[in-house]
Amino acid sequence: MTSIAAESVSTILVSCKQTRFHIESPNYPLLRAIADKLIPGIPEQTRVSILQQTNISDVNTDDLPSGEVPGSRDGLTVLEDVVDKATAKSDLEQEINTLSAGVNDTDAYGALRSLRKLRHARMLKRLFVLDKDARLRSGARGMQARKALVEYEKAVAESAALNEQSTDDISPETLQVETQEAVDMLADLQLQVEPSLMADIESRAKKILTGLGFTDAYMAKKADSLSGGWRMRSALATALLQETDILILDEPTNFLDLLGIIWLQRFLQSLEDLPAPPTLILVSHDRDFTSSVCTDLLIVKDKDLTYFHGDLPTYEAARAEKKLYLTKMKEAQEKQKAHMQDDLRFPGTLVSLEKVSFRYALPKKGGGGGGGASTNPPATLQDATLTVSEGDRIGILGLNGAGKSTLIRLLVGANLAGAPPPGSSHTGTVTTHPRLKLSYYSQHAVEELQALGREEAGLTALALLTREVEGLLDEGQLRALLGSLGLQGRVASDVPLRKLSGGQLVRCELARLLWRGPGLLVLDEVTTHLDYETVAALREALRGWAGAVILVSHDR
């Protein structure tokens with residue numbers, strides 16, 4: 001194992017082509033720096049594809065060229081959107097239309113004008129990249145980047161002047177040369193969207209989307225109508241479809257069921273058979289997934305980058321002692337247990353389901369006119385029986401749509417999970433102990449906190465908990481709870497919710513649940529957005545938890 005400066009990550013990336021790295025840290029800024037080629041040593045021509053852990057709607061518009069907006073183009077289906085983003089098809093077609101209009105123009109100068117217009121548009125995009133590069137660099141490299149920016153600004157100004165040039169000032173030789181360049185460029189662009197080539201790409205896109213759980217009906221849906229989880233799957237499909245030299249996947253198994261994870265695992269393994277396999281950089285809390293795919297580890301800690309040749313189990317075996325982080329988490333959890341009220345510990349069943357069946361209502365045939373009989377919907381749950389007692393550890397596993405969320409809704413009740421859809425019905429008996437305190441972690445908790453952070457721009461984790469405890473705990477106790485979960489010091493009190501990462505928002509939500517001293521914790525996909533170390537710490541903490549735990553997770 002060797003330790004190197006974090007800045008020299010490019011040395012690893014460039015010299016270890018076709019290697020598969022698993023990065024062990026909360027490291028999104030590093031990934032973004034690699035994707036933007038801000039780290040010295042990554043060649044400009046290197047193709048980098050990245051799947052971000054956060055939703056595309058959370059992309060900072062300051063990181064996009066003027067006039068561009070994040071998200072899907074209006075009206076495209078999921079399949080069309082994935083192909084469009086992976087190939088930049090819409091951009092290519094727009095350039096083709098620009099050149100075609102000029103080449104086919106009766107004006108002799110039409111092709112020249114179109115060529116200059118297109119070149120200038122490309123230069124403006126390049127100018128945006130150089131400007132961002134200059135703003136983000138410092139020291140000698142920053143000075144060099146700003147010098148390059150100034151030189152390029154001059155070239156852009158010259159290009160703008162050429163677009164305004166009078167026909168009287170254009171020589172016949174220039175007209176002939178640039179007209180031929182326009183014709184050649186048009187032919188090259190048309191080859192890139194040639195129908196047989198696009199058909200092959202679309203076929204590959206269908207296979208990838210199918211592997212990630214999309215049915216034909218879902219592929220035909222409008223891309224902008226997808227929910228958050230399906231949007232992330234669509235973004236993953238785009239990253240997998242792109243031809244790239246470096247493929248960066250930040251928590252790609254989030255929102256995938258077990259079959260989707262297994263398919264992705266096999267797909268990434270199959271990339272090794274390509275003539276020029278990409279270098280894979282993977283961030284994931286799923287140890288089985290990373291161990292089966294990755295060959296090397298990058299551990300980012302204290303502004304230092306440590307490289308380890310081997311998988312995660314091998315790395316753990318090489319460490320002489322357990323990480324201090326896990327120890328602190330366990331000690332903090334023991335303190336939390338000591339504060340549990342005695343009246344929480346009572347004998348008897350906490351929650352029970354007896355022969356419960358549940359059906360969602362289906363729309364009537366014939367639309368909203370009321371002219372047809374409703375189809376009898378299939379049961380989402382059929383004769384389900386479950387008993388939860390104090391200290392139980394229950395895991396719920398199932399494919400997407402198998403009824404996991406429905407079962408959770410029945411367990412926690414409408415007051416926590418929300419009322420069931422109108423027209424739905426269930427039979428059987430659901431019984432809850434009258435003295436039970438239940439805390440429920442929803443799979444949408446991070447999105448709900450993000451929405452709350454947007455509504456109240458200055459709201460911090462500490463301020464949120466202070467408001468919710470209503471004086472039952474003082475600031476010191478709240479800081480201790482937040483600190484035990486990894487939200488320490490100014491992160492808890494000064495950083496607004498809207499600026500916290502997904503993993504930090506998970507910790508905030510856990511604090512909102514734990515201060516109540518619940519006798520039953522229901523956790524629905526709590527490991528989403530968490531790094532491996534935090535998942536391991538949470539696992540150890542739950543093992544020592546005195547109450548009962550019901551866990552829904554795709555994490556093996």
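Numbering (full-length UniProt numbering), first residue to last: 1 to 556.
Glycine included, C-beta positions come from ideal geometry on N, C-alpha and C.
- Query: Counting pairs of beta carbons, one from the stretch 109-116 and one from the stretch 245-259, are three or more of them closer than 8 Å?
  - Reply: no
- Tell me, to the nearest whole angstrom, how far the beta carbon of valine 552 is from that of lysine 404; I am working on the premise that it is less than 8 Å. 5 Å
- Item | Simplified DSSP state of phenylalanine 128, which is helix, strand or coil | helix
- Tell me, which residues are paired with tyrosine 441 by DSSP? Leu523
- Short Cβ contact (7 Å threshold) for threonine 238 with alanine 86: yes
- Message: Using CA atoms only, rank isn't needed, just tell me which of Leu472, Asp224, Leu482, Leu497 is closest to arginine 454.
- Response: Leu497
- Give the DSSP-derived three-state secondary structure of valine 177 in the structure shown. helix
- Query: Grouping DSSP H, G and I as helix and E and B as strand, with all else coil, what is arginine 47?
  - Reply: coil
- Message: Taking the alpha carbon of lysine 499 as the reference point, which residue from Leu459, Pro275, Thr46 has its own alpha carbon closest?
- Response: Leu459
- Three-pair Cβ contact test at 8 Å for the stretch 172-189 versus the stretch 123-131: no
- Message: Can you give me the C-alpha to C-alpha distance between leucine 485 and arginine 116, rounded to a whole angstrom?
- Response: 57 Å
- What residue from Asp36, Leu259, Tyr441 has the CA that sits closest to isoleucine 246's CA? Asp36
- Query: Hey, quick one: how far does the alpha helix (DSSP H) through arginine 467 stretch, first residue to last?
  - Reply: 461-469
- Query: According to DSSP, is lysine 301 helix, strand or coil?
  - Reply: strand
- Query: Are three or more beta carbon pairs between the stretch 276-296 and the stretch 88-95 nearer than 8 Å?
  - Reply: no
- Query: Is the CB-CB distance between residue 557 and valine 522 below 7 Å?
  - Reply: It is not possible to answer for residue 557, since the shown part of the chain is limited to 1 through 556.
- Query: With C-beta atoms as the reference, is methionine 232 less than 7 Å away from valine 78?
  - Reply: no
- Task: Work out the CA separation of leucine 481 and leucine 344 for me, nearest whole Å.
- Result: Residue placement at leucine 344 cannot be trusted, given a pLDDT of 46 that sits under 50; the coordinates are not used to answer.
- Under 6 Å Cβ to Cβ from asparagine 27, same chain only, skipping five residues before and after it: list those, please. Below a pLDDT of 50, predicted positions are generally treated as unreliable, and asparagine 27, at 47, falls in that range; the measurement from the model is reported next regardless. Only Val300 meet the Cβ criterion.
- Message: Quick check on DSSP: helix, strand or coil for glutamate 7?
- Response: Caution is warranted here: a pLDDT of 37 is assigned to glutamate 7, below 50, making its placement in the model unreliable, and the coordinate value is therefore given only provisionally. Reduced to three states, the DSSP call for glutamate 7 is helix.
- Message: As a quick exercise: from Glu243, Gly213, Thr244, Ala217, pick the residue whose alpha carbon is nearest that of serine 234.
- Response: Gly213
- Message: Assuming valine 156 is part of the beta strand (DSSP E), what are its boundary residues?
- Response: Segment 139-163 is the alpha helix (DSSP H) holding valine 156; no beta strand (DSSP E) there.
- Item | Among Gly260, Leu487, Asp311, the one whose alpha carbon lies nearest that of threonine 534 | Leu487
- Task: Locate the beta strand (DSSP E) running through valine 549, then write down its first and last residues.
- Result: 548-552
- Take serine 442 as the anchor and find which of Val526, Trp230, Ala33, Gly547 has the nearest alpha-carbon. Val526
- Task: Could you check the C-alpha separation between threonine 385 and isoleucine 550 for me, to the nearest Å?
- Result: 15 Å
- Query: CB-CB under 6 Å to glutamate 178, same chain, minus the five flanking residues each way: which ones, in chain order?
  - Reply: Leu112, Leu115
- Query: According to the Cβ coordinates, are glycine 502 and valine 430 closer than 7 Å?
  - Reply: no
- Message: In the DSSP assignment, the alpha helix (DSSP H) including aspartate 250 goes from what residue to what residue?
- Response: No alpha helix (DSSP H) holds aspartate 250; the beta strand (DSSP E) holding it covers 246-250.
- Query: Taking C-beta to C-beta, are leucine 462 and alanine 492 nearer than 7 Å?
  - Reply: yes
- Item | Rounded C-alpha distance that separates glutamate 80 from alanine 182 | 28 Å
- Put valine 193 into one of helix, strand or coil per three-state DSSP. coil
- Message: Distance check for glutamate 93 and serine 100, CA to CA, integer angstroms please.
- Response: 10 Å
- Query: beta strand (DSSP E) containing glycine 260: first to last residue?
  - Reply: Segment 258-270 is the alpha helix (DSSP H) holding glycine 260; no beta strand (DSSP E) there.
- In chain order, what residues of the same chain have a beta carbon less than 7 Å from the beta carbon of tyrosine 315, not counting five sequence neighbours either side? Leu297, Phe308
- Message: Can you tell me whether leucine 282 is helix, strand or coil according to DSSP?
- Response: strand
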